[in-house]
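A.B. asks: In the numbering used here, the protein residues as written are 38 to 366.
Virtual Cβ for every residue (Gly too), placed ideally from N, Cα, C.
Treat the numbers as computed from the prediction; the structure is a model and nothing was measured.
Dropping the structure in here first, questions after.
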Amino acid sequence: MDQKCAICNCGTNSEHNKLTEWLQKQFWQRIPPKLVSWIIFNPITVKFSPSNRYIVSFLKPYIESIENSEFEIIDELVEFYVSLVTIVELESISGGYCYQTYVVDTYNNFRATIKCQTSAISNGMIHPQFEPLDSDPGMHGVIANKSVLELGSGTGLLGIICSLIGATEVLLTDTHRDVLALLNHNAKINSANAKNVSVRMLDWSQHSLVDDLRGKYDVILGSDLVYDPDTNFDLVKLLESLINNKSQMAYIASTVRNEDTFDGFIKFLESSPVLESSTMDISDISQILLREDQNSIIKLSIIALKQPSLKQQTPEESFKEITQPLRTA
38 MDQKCAICNC
48 GTNSEHNKLT
58 EWLQKQFWQR
68 IPPKLVSWII
78 FNPITVKFSP
88 SNRYIVSFLK
98 PYIESIENSE
108 FEIIDELVEF
118 YVSLVTIVEL
128 ESISGGYCYQ
138 TYVVDTYNNF
148 RATIKCQTSA
158 ISNGMIHPQF
168 EPLDSDPGMH
178 GVIANKSVLE
188 LGSGTGLLGI
198 ICSLIGATEV
208 LLTDTHRDVL
218 ALLNHNAKIN
228 SANAKNVSVR
238 MLDWSQHSLV
248 DDLRGKYDVI
258 LGSDLVYDPD
268 TNFDLVKLLE
278 SLINNKSQMA
288 YIASTVRNED
298 TFDGFIKFLE
308 SSPVLESSTM
318 DISDISQILL
328 REDQNSIIKL
338 SIIALKQPSL
348 KQQTPEESFK
358 EITQPLRTA
């Protein structure tokens, strides 16, 4: 019995073989078939299929480039593209999941594969729209040999990458049941290399119920958490509950979509009796590392206990350490 196609998610392997043949007829005839097969039938691709939307985004400019040249496009390829566009349109209405794979360490062949929703928001923000912390080479020194707690983990990508680059322990947290199930799934499929990742429900509004986490984790991370003004107070109170020794640091990275919402978060931080913070604009750095809109405002808040010891880095010093590899590159 023919198995479901691992590439297009809508047909069988035999149909996918036809697609490969059509692509070769159209343009790839000069590329050795073994190389084409190695790319398309890569174990990661076969096991964790890319989304239909991704395939459409590849085929659209590919077909357009052929139409703009002197070459004649084959009918089968156009028919496949049109059928896939229809499926993508239906998926945009009903939602769905896909897999994305990120190369973390080419030398050790470490990759993070995550299952995520094709829609951006559903029961919480669980699509990796903004993951700048894992892209910064300076973060390796901050994370290696440290225990890490991630707030609002969503897909878990950031925490899983922390495990791959040397964190001793990683706890992924979120509050919605569906998101927690997704986190457990992503932790499981990456467990071969990310062996020390666990998942826990954490409701920010219940910040008084985290005594077992107080002071336990060296580094607290959060990515794209500041988007709802109603949660700013709870987020700051939670940070106050989690950070109780001078060796702990929290890094909260935010895409500023609404200035008032972000300013509200900063005001709560500044009024905290136990925390001190420093917030820097890292838009220029993030635009180098990420495919972010050049108009995006991206800020990093570094948070610690007030009155740090002389040996403990201030938030400003920690920021300089993180960004130094980029500024000297």
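I'd like to check one pair, residue 338 with residue 312: are the Cβ atoms closer than 8 Å?
C.D. replies: no
A.B. asks: On the three-state DSSP scale, how would you describe residue 307?
C.D. replies: helix
A.B. asks: Among the candidates 189, 221, 196, 97, whose CA atom is the shortest distance from the CA of residue 206?
C.D. replies: 196
A.B. asks: Leaving out the 5 sequence neighbours to the left and right, which residues in its chain are closer than 8 Å to residue 282 when beta-carbon positions are compared?
C.D. replies: 252, 342
A.B. asks: Between residue 151 and residue 136, which are expected to be in contact by the criterion C-beta below 8 Å, what is the C-beta distance as a whole number of angstroms?
C.D. replies: 7 Å
A.B. asks: Could you tell me the alpha carbon to alpha carbon distance between residue 120 and residue 291, rounded to whole angstroms?
C.D. replies: 38 Å
A.B. asks: Evaluate residue 260 with the Cβ neighbour count: other Cβ atoms within 10 Å of its Cβ, from every protein chain shown; 16 or more gives buried, anything less gives exposed.
C.D. replies: Burial call: buried.
A.B. asks: How many angstroms separate the CA atom of residue 134 from the CA atom of residue 183?
C.D. replies: Straight through space, the alpha carbons of residue 183 and residue 134 are spaced by roughly 32 Å.
A.B. asks: Thinking C-alpha only, which one of 71, 145, 257, 97 is nearest residue 229?
C.D. replies: 145
A.B. asks: Residue 275 lies in the alpha helix (DSSP H); which residues open and close that run?
C.D. replies: 269-279
A.B. asks: Let's see if you can read the secondary structure: which residues bound the alpha helix (DSSP H) around residue 239?
C.D. replies: Note, residue 239: premise wrong, no alpha helix (DSSP H); not H, not E.
A.B. asks: Would the beta-carbon of residue 201 fall within 8 Å of that of residue 149?
C.D. replies: yes
A.B. asks: At the level of alpha carbons, what is the spacing between residue 244 and residue 303?
C.D. replies: So the two alpha carbons sit approximately 19 Å from each other.
A.B. asks: Helix, strand or coil for residue 232? Go by DSSP, reduced to three states.
C.D. replies: coil
A.B. asks: In three-state terms, what does DSSP make of residue 183?
C.D. replies: coil
A.B. asks: Answer yes or no: do residue 223 and residue 189 have a C-beta to C-beta separation smaller than 8 Å?
C.D. replies: no
A.B. asks: Starting from residue 225, trace the alpha helix (DSSP H) both ways and give me its first and last residue.
C.D. replies: 214-226
A.B. asks: Please indicate yes or no: does the CB of residue 83 lie closer than 7 Å to some heavy atom of the ligand SAM?
C.D. replies: Summarising the ligand content, the structure contains no ligands, and the ligand SAM is consequently not present.
A.B. asks: Would you report the Cα separation of residue 329 and residue 104, rounded to the nearest angstrom?
C.D. replies: Bear in mind that the predicted position of residue 329 carries a pLDDT of just 49, short of 50, making it unreliable; the figure below should be weighed with that in mind. If you take the alpha carbons of residue 329 and residue 104, they lie about 30 Å apart.
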